[in-house]
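Input: a single structure, listed below in structure tokens.
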Amino acid sequence: MRSPSDHHAYPTHWEADVVLRDGGTAQIRPITPDDAQRLVSFYERVSDESKYYRFFAPYPRLSDRDVHRFTHHDYVDRVGLAAIVGDEFIATVRYDRIDGRGMPAAAPADEAEVAFLVQDAHQGRGVASALLEHIAAVARERDIRRFAAEVLPANTKMIKVFTDAGYTQKRSFEDGVVRLEFDLEPTDRSLAVMRAREQRAEARSVQRLLAPGSVAVIGTSRTPGGVGRTVLRNLLDGGFTGRVHAVNHAFPDDMAHLEPEGVPAHRSLRAIEEPVDLAVVAVPAERVPAVVAECGEHGVQGLVVLSAGYAESGSEGRDRQRDLVRQARSYGMRVIGPNAFGVSNTAEGVRLNASLSPQLPDPGRLGLFTQSGAIGIALLSGLHRRGAGLASLAGIAGISTFVSAGNRADVSGNDLLQYWYDDPRTDVVLMYLESIGNPRKFTRLARRTAAVKPVVVVKGARHTGSAPTGHAVPTTQIPDATVSDLLRQAGVIRVDTVTELADTGVLLASQPLPAGPRVAILGNSESLGLITYDACLTEGLRPLPPRDLTTAAAPDDFRRALAEALTDDACDAVVVTAIPWVGDGNAGPGDGDGSAKALATAVREAAQASGPGPAKPVAVVHLEIQELAEALAGTGGEPAPGTRRIPAYPAAERAVRALAEAVRYAHWRQEAAEPGRVPEYDDIDEAGAAADIQVLLAPADGTPADGAGRGTGDGKGDRAGGGIGEATGSVPGDDVGLGVELSAADTQRLLARYGVSVLPALPAPDPDAAVRAAERLGFPVAVKPTAAHLRHRADLGGVRLELGSETELRRAYAELTDYLGRPEELGLVVQRMAPRGVDTVVRAAIDPAAGAVLSFGLAGAPSELLGDTAHGLVPVTGRDAAELIRSIRTAPLLFGWRGSKPVDTAALEELLLRVSRLVDDQPEMVAVDLEPVVVAQQGLSVLGASARLAPPPPRTDLGPRHMPAY
């Protein structure tokens, strides 16, 4: 239990930055006595009508007593929060704990009265909704379960704030006042409301950055060259439709325009007499704070900071980067960068190229986000070469919007996923990521986005074990293979290279999704057809026998063959292969630009006229026929509107790999249309397990740990003793604080609460004890060590099985102690033999960044040596559990490989689901290890189990919405 002094300590963890409905930002924090003057100034700016709605009577000013009351809180029974922009209050909310009669009270009273006041100029921005989320989370932390609010009937805006929040509520009308009561326990609807508001707000904040009406380039040099002047030139050359201003404090006083560009020139942002929506900052890092302050005071909505010298340069730069974000947010601005490459938007009404790219990308359906400027420019150049469209027709590899975020101190890939989710101009999302700051949120957003449009990701810095320099993100302990599994579970298409990113994106943006893995192959080279066939098999596709049209094939032959393949119900996709024609002078695919265009026209027309039924994707593989690729993309002449564009690849492996990713994504999307569910089990004792955990995490003197019940407090201390609470000692937890490694008895007791039974193992400190244990359990038995260095090491000869008599047991005991060491060093135990089956391992652990992860594999060499392990985010659904089992390479051993009998995978799926429920319900269960789990033809046996408890790391994906802390 917390001490009274703890109750009154300033709760720093309640501070948060939030994105509001209009895309601006605000800080939410507890109100303190130092805020007295801010409160008075805030109240003076509130209209008389709003004051009347708050106090139910004319209330022109606050008395000294009011100011004291509203700024002095105990942060337990009386709490006040303020929303702040630019050091000024824009809204406040407070609760006062009350008893059943509505009088002030203290715990254990679990109801509080809540009231809001929002400055009129900021009403309609979603400030009250954000404050409600945060004050509700504070109240739950202080054991308040219900809010009550009294509102005048005419105050419809505030009534809507409460009714739209999604909580279970009760409404009554008495004495001319509407009384609302609502439970604070989050519901599915309240979480859905919160996330929908989060999506709209964050998408709007990005939209303000990508579609400004005016741009100021701060740091534009007087002479050609330099970063600022280059961006200014790129803005103008790209045809930006808004207003452009050049800003440099070194411009002469009488300089009105920058020549030869002819744009207005200003010595400071203050000299601009009109609003500025976006500021591109290209000044030395030490001058950026003054620029940010000037932008904030001028009402700039967002910043693109190209300046370097931040976290990528060391500890001093990291401090500078934190200060930059805090300063920008204090003015309600979002930041792209620092050390950014810039942003682009090809929309005809915008045409924004606020980047170092020399040309505005060609318009198209690809949204591109990178955390590297070099990768960004390489991707833009490569996509342009792949075949950009004409001005009148979107290109096959064109871009809708592009963001290269540099150090991604504020705006990140998560924000862009929110924006692209419902952006009608973006059909495919491409992302180059070097770090994932909030993996839980990323996978949640990626899963939602992938359900409506593909998300393709290439992950850099996969094997360094740390985030790249400049990226201030939590480190993760999980290996790259685990990250791949988690992304795949979310429907993300994970590719290995930037080339594959472009290859896959181009195919997905231009072709329909395949209905299945069957691929028809046709072309004028038997050898290239066979190479394509082999590539399909390698990627897990089901190719049909290649159709060789011979090297004499004309464009009409390709047209007829492709038309037949597209109408064939036996195939789901077609790969057309083409080599330069070799013959006696007749025109062929590679014989001049005209023949390439003729072949491209034939392929496009056949694809366009594929007849009734679902459309099928078509890809072309060509060898040394660059004119064909250009013609297929539409760059060699303007095809008729609605003409289907076909992606072309210079290698069969690249085309097939892109097609295989499309097949796998289409399968995931079909499955995601009917999501699985987390099953309920009647025999799970969630409350009993929670009570056990609270005792196990309590200090050794028996008093409850500070916040031990639900993952708060430090969780430190060792325990010893018998019964519940017996532990083997305190062990360090990676980033989750110190915890306790549970004894076998405590582990088995907790697992039993969730319907997981462990085969009993009795200690055998000497041969006689071993015999007594065997007689108690019943022969045949096994004897094995439990010492950490020998556990699960059957390869060292430390396990003896099928011991059917006392004589065999004593002989095995003597062999083990002679070979491996003294009994007290080995920790020998005797266990009844389980039915024979396949040895597997089931683990769950909490990663500080990714959260709870469930893992499955075959025990021993497959998982430990070969890394053949599958992973999924908790909670897993029934479908997820089935997929985990089937996704490992050694899965055939479970399903009757080489004539063996299949094992009980249904029982294995249930075990995975029960372990998932355990770590999801009980976040203090930071590690569970079941090994081996022997899966027989009927049922399974858990032969070994260990578990660790610790206060869990904070959940960054639950609770009120907030921006990453700095």
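With my numbering applied, the sequence shown covers 442 to 1407.
Ideal Cβ positions, reconstructed from N, Cα and C, are used throughout, including at glycine.
- For Ser-570, the three-state secondary structure derived from DSSP is helix.
- With a cut-off of 8 Å on Cβ pairs, the stretch 931–946 is not in contact with the stretch 854–862, counting fewer than three such pairs.
- When the alpha-carbon of Arg-674 is set against those of Cys-977, His-707, Leu-793, the nearest one is in Leu-793.
- Exposure of Gly-703 is indicated by the presence of fewer than 16 other C-beta atoms within 10 angstroms of its C-beta.
- Residue nearest to Gly-814 within the set Asp-989, Arg-770, Ser-748, Val-791 is Ser-748 (criterion: CA-CA distance).
- Contact annotation: Arg-806 and Asp-868 have beta-carbon atoms nearer than 7 Å.
- Between the C-alpha atoms of Arg-636 and Asp-629 there is a straight-line separation of about 11 Å.
- According to DSSP, residue pairing for Gly-703 in a beta bridge does not occur.
- DSSP places Gln-468 inside the beta strand (DSSP E), whose first and last residues are 466–471.
- Take the alpha-carbon of Arg-495 and the one of Leu-572: they are about 16 Å apart.
- Going by C-alpha positions, Pro-627 is about 7 Å away from Tyr-608.
- Between Arg-1263 and Leu-1269, the alpha-carbon positions lie close to 10 Å from each other.
- As the crow flies, the alpha-carbon of Val-668 is around 23 Å from that of Ile-840.
- Within the stretch 1335–1373, complete alpha helix (DSSP H) segments of at least 4 residues are found at 1346–1362, given in chain order.
- With respect to the 7 Å criterion, Asp-1362 and Arg-1330 are not classified as neighbours on the basis of their beta carbons.
- Contact between Leu-1203 and Gly-1239 fails: their C-beta atoms lie close to 17 Å from each other, not under 8 Å.
- One thing to note: Val-534 has its Cβ within 7 Å of the Cβ of Phe-557.
- Rounded to whole angstroms, the separation of the alpha carbons of Ile-469 and Ile-713 is 31 Å.
- In terms of CA proximity to Ala-589, Ile-539 leads the group His-1063, Asn-855, Ile-539, Gly-981.
- If you look at Pro-804, you'll find it isn't in any alpha helix (DSSP H); it sits in the beta strand (DSSP E) that goes 804–811.
- Around the C-beta of Ala-697, fewer than 16 other C-beta atoms lie within 10 Å, and the residue is accordingly described as exposed.
- Between Gly-808 and Val-733, the C-beta gap is not smaller than 7 Å, which leaves the two residues out of contact.
- Scanning its chain for C-beta atoms nearer than 7 Å, with the 5 sequence neighbours on each side dropped, one finds around Arg-670 the residues Thr-661, Ser-662, in chain order.
- Between Ala-795 and Leu-676, the gap from beta carbon to beta carbon is short of 7 Å.
- Where Thr-979 is concerned, there is no enclosing beta strand (DSSP E), although the alpha helix (DSSP H) around it starts and stops at 967–979.
- For Met-635, the enclosing alpha helix (DSSP H) has its first and last residue at 629–651.
- Check the Cα spacing between Pro-984 and each of Phe-782, Phe-999, Leu-1007, Asp-1013: the tightest is with Asp-1013.
- With respect to Ala-457, His-1403 sits close: the two C-beta atoms are nearer than 7 Å.
- Shown here, Leu-1267 sits in a helix according to DSSP, grouped into three states.
- Taking C-beta atoms as the reference points, Leu-927 and Thr-884 count as a pair closer than 7 Å.
- Just so you know, the alpha carbons of Gly-1400 and Arg-587 end up roughly 16 Å apart.
- Cβ-Cβ distances below 6 Å link Leu-982 to Pro-958, Val-960, Ala-1101 in the same chain, with the five nearest sequence neighbours on each side left out; the list follows chain order.
- Taken in chain order, the complete alpha helix (DSSP H) segments of 4 or more residues contained in the stretch 1204–1234 are 1208–1218.
- The closest CA to that of Asp-584, considering only Glu-1350, Asp-518, Asp-616, is found on Asp-518.
- With a beta-carbon spacing of about 4 Å, Val-746 and Gly-778 fall inside the 8 Å limit used to define contacts.
- In this structure, DSSP gives Lys-894 a state outside helix and strand, which the three-state scheme calls coil.
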